[in-house]
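What follows is a short report on a single structure.
What follows is the structure, encoded as structure tokens:
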């Protein structure tokens, strides 16, 4: 049993690549939590894809024992959170389980977009924040400039900030002392009824669902009967323990502690993130204030290349949904692609990560359709249909009008990039609502159509502002606009995976860009392939992919021209026949690349 005053719960927040995971590695290593021989880089990033891309996707936790300089023993619980905007949901959730944060800022680059977004998550959760300036071993490091920037932009006092090099280990001892002395201890009552917050849950093929909990009040012991309040299910606790990153069993968990429990739970669906866990008999009177459920923003279809793998894909998606509360799916069928799933994601990075995990962990080849949003299609007979997939668009003669979702976007951007951002928003059919200044940064508020944001708005915004813009939005409702369905035909066959909803004024540009891109992406065949973009029956753009040719006249030396002509005509007839019966293989990369349109 650990005294509450000797527990510190904290998370590390930072922009992508500012050194969160490396700092976590040093804290684990310097306190001897993991032996040097077992140490590896990005200790808490367990997925291959996290290590390969150098990003954190799932929030992870570790318990560290630390003896302070004054001789007292402390227990530190660290939650390493993702820094990418697509995973903001994981961040906001982990924040509620801890009392303080280390704000890591790269001392060579200063405050960046996601630094702001993540700090606001921490401030919303009433955190005490300790600023840390990382990468002081680099020659370009400028701590005083960055400290000034943090005070200006975020408004946090940097007098107690610590200069650190997570790579060399300089400043790590001071960081540990700051955690112990500056961050508050958790509060809680051992004798109150059990109240625990469900921070995360994932599926383990041996133990069932492993549930990560933060105990607020009461004590959790092995063998307790616990109830999950959101869906009223009751389970018997098989084992409890803590992570040092490896699992370590414990007799009980008291207030302020972060640990795990397993209770032979079959599905992660039964363990909703942000739920309250309490005892079956002596339960707490009201649940903890809940979280907003994650809203999928991008929808797209996932289909197996080999239709026989559909059941395997269903298993893979079920298992991923076990681990990812923000991923939603439903079954759908397509004329060209067969059976598959319509899935909802938080953004394009989230989509890529899920797709890579299915292909890698479950060995299934996938086809991904164009990302889209939900449209309201109002019919002439007064009914209204929800349109998730442009391929299901009803006949336009029966349609009265189409409404699309709009968002209110707030963009924070340094002054010198303001013109580029305004142009980008205008190009995306945005309506400016507000423009104010906070120090040297402009704050722009725009009303934008969500489908223009879904494609590549983040990427474009980051590139025109060199990564300095931060972008946040909420859905505001639906509005009517001139929208049409654009289909793509390859060899006169419609490819429903590439059909998309576009604004009528933009259709021709979008169509031309799409066919030009596909011409480069589709490999050449033995026959020539027309690639067309069409609205209804009208073709708006066309490119022709020329055939690969064998030189059939090579063996004719001189002689009559009719001999060559005869061979060429024979070849031409063969190609014509081939085009009638030949099928065009569009590689998987071509689908994804074609969808990442540059404006």
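In my numbering, the protein residues as written are 20 to 618.
Virtual Cβ for every residue (Gly too), placed ideally from N, Cα, C.
- Exclusion of the five residues before and after residue 233 leaves 116, 215, 216, 218, 277 as the residues of its chain whose Cβ lies within less than 7 Å of its Cβ.
- About 7 Å separates the beta carbons of residue 406 and residue 393, which is inside the 8 Å limit, making them a contact pair.
- Per the coordinates, the alpha-carbon of residue 328 lies some 15 Å from the alpha-carbon of residue 374.
- Taking C-alpha positions only, residue 295 is separated from residue 248 by approximately 6 Å.
- Burial check for residue 450: the Cβ neighbour count within 10 Å stays below 16, so the residue is exposed.
- Going by beta carbons, residue 280 and residue 259 fall inside the 8 Å limit.
- In this structure, 254 is the residue among 533, 580, 254, 531 with its C-alpha nearest to the C-alpha of residue 229.
- Fully contained in the segment 189-222 are the following alpha helix (DSSP H) runs of length 4 or more, in chain order: 191-201.
- For residue 456, the beta-bridge partners assigned by DSSP are 461.
- Taking C-beta atoms under 8 Å as the contact rule, residue 94 and residue 31 fail to qualify, at a distance of about 17 Å.
- When secondary structure is reduced to three states using DSSP, residue 175 falls in the coil class, being assigned neither helix nor strand.
- The straight-line gap separating the alpha-carbon atoms of residue 200 and residue 150 is approximately 14 Å.
- In chain order, 361 place their CB closer than 6 Å to the CB of residue 349, counting only its own chain and leaving out the 5 sequence neighbours on each side.
- Minimum Cα-Cα distance from residue 155 among the listed residues 164, 148, 495 corresponds to 164.
- Taking every protein chain shown into account, the CB of residue 420 has fewer than 16 other CB atoms within 10 angstroms, so this residue is exposed.
- Residue 239 is positioned such that its CB atom lies no closer than 8 Å to that of residue 210.
- By the Cβ criterion, the segment 570-583 is not in contact with the segment 514-530, since fewer than three pairs of Cβ atoms, one from each stretch, lie closer than 8 Å.
- Put simply, of 541, 494, 551, 139 the residue whose alpha carbon is nearest the alpha carbon of residue 315 is 494.
- Contact fails between the segment 495-515 and the segment 472-479, because fewer than three Cβ pairs, one in each stretch, are under 8 Å apart.
- Distance from the CA of residue 47 to the CA of residue 41, rounded to the nearest whole angstrom, comes to 10 Å.
- Cα atoms of residue 96 and residue 82: separation of roughly 5 Å, rounded to the nearest angstrom.
- Boundaries for residue 276: no beta strand (DSSP E) harbours it, and the DSSP string shows neither H nor E there.
- Scanning its chain for C-beta atoms nearer than 6 Å, with the 5 sequence neighbours on each side dropped, one finds around residue 404 the residues 396, in chain order.
- Among the bridge pairs identified by DSSP, residue 359 is matched with 351.
- Scanning its chain for C-beta atoms nearer than 7 Å, with the 5 sequence neighbours on each side dropped, one finds around residue 24 the residues 204, in chain order.
- Straight across, the Cα-Cα distance linking residue 28 with residue 137 is about 17 Å.
- For residue 422, the uninterrupted beta strand (DSSP E) segment begins and ends at 418-433.
- With contacts defined as CB atoms closer than 8 Å, residue 469 and residue 424 qualify as a contacting pair.
- Excluding residues up to 5 positions away in sequence, 427, 464, 465, 466 lie with their Cβ nearer than 8 Å to the Cβ of residue 452 in the same chain.
- The beta carbon of residue 558 sits closer than 6 Å to those of 551, all from its chain and outside the five residues before and after it, given in chain order.
- Residue 587 and residue 565 have their C-alpha atoms roughly 16 Å apart.
- Secondary structure note for residue 502: its beta strand (DSSP E) is the uninterrupted segment 502-509.
- Look at residue 270 here: in three-state DSSP terms it is coil, with no helix or strand label.
- Checking the DSSP bridge columns, you'll see residue 317 partnered with 364.
- For the pair residue 303 and residue 441, the CB atoms are not nearer than the 8 Å cut-off.
- With contacts defined by Cβ atoms closer than 8 Å, residue 332 and residue 376 do not form a contacting pair.
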